[in-house]
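Only one structure is covered here, and it is reproduced in the block below.
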Ligand SMILES: [Zn+2]
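Numbering (this note's numbering), first residue to last: 49 to 529.
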């Protein structure tokens with residue numbers, strides 16, 4: 049009986065679509081009735097000198113390997129932030145790290161931790177409009193130079209905020225620790241990794257942690273006009289995997305195909321053409337939920353019902369590299385090497401693949417799927433490095449609500465949403481001493497601005513710097529969680 053089964057299928061489809069429709073209305077209505085708190089912003093913070101302080105901070109070339117540049121940088125900070133250096137106690141001063149303790153009134157509350165990093169990536173000085181390690185504030189309202197954004201903007205903004213609060217004789221509710229590591233960019237062991245281990249040894253655990261991370265992003269997703277403040281609640285894993293193919297080499301004038309390089313190249317192509325399977329993990333579903341509350345109804349109908357529309361959501365996400373990285377582990381071959389001369393066929397061809405795993409996934413799982421797909425055991429994969437697996441921090445906490453309120457106070461027009469950081473940060477090291485680790489940089493930016501990070505002509509606007517200072521001050525002053 050064709051007709052009755054057609055009617056059954058049709059009625060199932062109609063039921064599913066109407067259920068999704070009703071759910072969308074209910075979810076949006078319930079969220080709209082929840083009031084969001086907004087804080088009072090102090091109006092007497094002196095913001096004028098901050099740009100000069102950031103520009104001067106940039107002039108210290110604190111590349112992690114150039115250790116000699118850290119003591120002069122510390123001297124500059126102690127001269128410009130005297131109250132921070134005299135009123136707060138400093139910990140672990142036998143290292144290049146800066147760790148301060150801002151004692152709160154209530155020792156029964158778990159302390160909070162604000163972190164930023166002092167080190168910067170190197171800069172190819174010839175290609176910059178302004179020299180990367182000079183104190184430059186241009187007439188266009190930007191502070192230029194390596195580290196002006198990543199991450200001396202946060203470091204200076206935190207210090208400006210705390211210096212101001214100390215000047216007001218303000219005592220926070222809970223104790224706030226401040227930690228500036230010295231080697232975030234090299235993922236070394238002397239910075240946050242060491243600080244976190246020492247905290248652990250000393251039995252110090254935090255109830256809340258904020259590190260650099262997502263920004264208030266303009267044009268993050270086409271369907272939503274408002275900027276979206278994306279707060280990282282976890283980060284993707286990172287693995288370096290070597291790929292090796294060994295075959296008989298010889299003179300290139302008498303080749304025997306395929307060569308080891310040919311086999312490796314085929315594997316690289318296969319990896320690019322067969323991406324890892326997509327899936328919507330919990331923090332991405334949370335992101336969809338937050339976006340759905342503010343999106344036009346037609347888009348909200350899709351993203352608030354991922355149980356029904358996951359394939360449509362995945363097809364939207366995979367069109368954009370940033371969004372695509374949120375729904376799957378990514379694999380990129382970044383280095384290859386053959387023989388040492390133009391006329392020698394390599395006996396061993398060698399490549400390096402960088403894998404960025406979705407939280408909870410291991411490099412071995414990804415390699416397993418690649419080898420099953422490749423069906424060529426002449427290509428040998430070896431994991432050379434693998435980061436620890438990041439834990440997803442909860443968003444139903446008072447700390448996250450406080451962070452969200454603070455963001456909305458400073459950037460009232462934005463939508464706040466959790467997300468998965470595709471890059472790495474110091475925050476990963478601190479996960480062992482805190483369950484509520486958030487990654488957010490209080491700056492309003494579009495993609496072209498973000499592209500300057502780790503690139504030429506990195507810059508940070510004076511306006512963003514002022515907002516960042518107001519942000520950290522509001523965060524500490526209104527501590528209510
Ligand atoms: Zn950074």
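All C-beta atoms, glycine included, are put in the ideal place defined by N, C-alpha and C.
Best match in the options for proximity to residue i [C-alpha to C-alpha]
i           : options               : result
residue 367 : 270, 483 and 490      : 270
residue 325 : 349, 417 and 345      : 417
residue 246 : 341, 268, 142 and 114 : 142
residue 198 : 469, 502 and 485      : 502
residue 474 : 53, 240, 136 and 90   : 240
residue 423 : 300, 478 and 319      : 319
residue 190 : 522, 510 and 524      : 510
residue 484 : 157, 99, 316 and 447  : 447
residue 82  : 472, 438, 346 and 341 : 341
residue 90  : 216, 276 and 466      : 216
residue 470 : 155, 203, 286 and 301 : 286
residue 194 : 77, 174, 162 and 244  : 174
residue 525 : 79, 212 and 426       : 212
residue 260 : 442, 161 and 426      : 161
residue 313 : 303, 381, 266 and 267 : 381
residue 266 : 494, 139 and 527      : 494
residue 252 : 480, 119 and 435      : 480
residue 482 : 138, 140, 58 and 255  : 255
For residue i: DSSP bridge partner residues
i           : result
residue 147 : 139 and 227
residue 379 : 403
residue 469 : 283
residue 530 : Outside the shown range of the chain, which is 49 to 529, sits residue 530, and nothing can be said about it.
residue 492 : 264
residue 509 : 190
residue 168 : 111
residue 384 : 399
residue 218 : Note: residue 218 sits in no beta bridge, so no partner.
residue 365 : Residue 365 pairs with nothing; no bridge assigned.
residue 254 : 482
For residue i, three-class secondary structure by DSSP
i           : result
residue 428 : strand
residue 259 : strand
residue 292 : strand
residue 520 : helix
residue 525 : helix
residue 192 : strand
residue 71  : helix
residue 310 : helix
residue 332 : helix
residue 396 : strand
residue 111 : strand
residue 163 : strand
residue 276 : strand
residue 185 : strand
residue 299 : strand
residue 486 : strand
residue 87  : coil
residue 153 : coil
residue 433 : strand
residue 359 : helix
residue 118 : helix
Beta carbon proximity, residue i to chain C, threshold 8 Å
i           : result
residue 279 : The structure shown contains no chain C, having only a single protein chain.
Cβ-Cβ distance between residue i and residue j below 8 Å
i           : j           : result
residue 290 : residue 430 : yes
residue 331 : residue 440 : yes
residue 433 : residue 209 : no
residue 125 : residue 201 : no
residue 387 : residue 405 : no
residue 451 : residue 278 : no
residue 498 : residue 283 : no
residue 338 : residue 463 : yes
residue 454 : residue 87  : yes
residue 352 : residue 93  : no
residue 214 : residue 123 : no
residue 117 : residue 243 : no
residue 333 : residue 346 : no
residue 192 : residue 507 : yes
residue 504 : residue 176 : yes
residue 437 : residue 408 : yes
residue 68  : residue 356 : yes
Residue i: CB within 7 Å of a non-hydrogen atom of ligand 2
i           : result
residue 165 : No copy of ligand 2 appears in this structure; the ligands present are ligand 1.
| query | Using 8 Å as the threshold, is the segment 342-360 in touch with the segment 372-383, meaning 3 or more CB pairs across them? | reply | no
| request: Indicate whether the contact test is met: 3 or more Cβ pairs, each with one atom in the segment 509-517 and one in the segment 483-496, closer than 8 Å. | output: Flag = yes, the segment 509-517 and the segment 483-496 touch.
| Is the segment 227-237 in contact with the segment 452-461, if contact means three or more CB pairs nearer than 8 Å? | Contact annotation: the segment 227-237 does not touch the segment 452-461, with fewer than three C-beta pairs closer than 8 Å.
| query | Between the segment 107-127 and the segment 153-168, do at least 3 Cβ pairs fall closer than 8 Å? | reply | yes
| Any contact of the segment 386-404 with the segment 291-300, i.e. 3+ C-beta pairs under 8 Å? | yes
| said: Pairs of beta-carbons, one from the segment 222-232 and one from the segment 140-156, closer than 8 Å: are there three or more? | reply: yes
| said: Does the contact criterion of 3 or more C-beta pairs under 8 Å hold for the segment 90-104 versus the segment 169-185? | reply: Taking one beta carbon from each stretch, the segment 90-104 and the segment 169-185 have 3 or more pairs nearer than 8 Å; the two touch.
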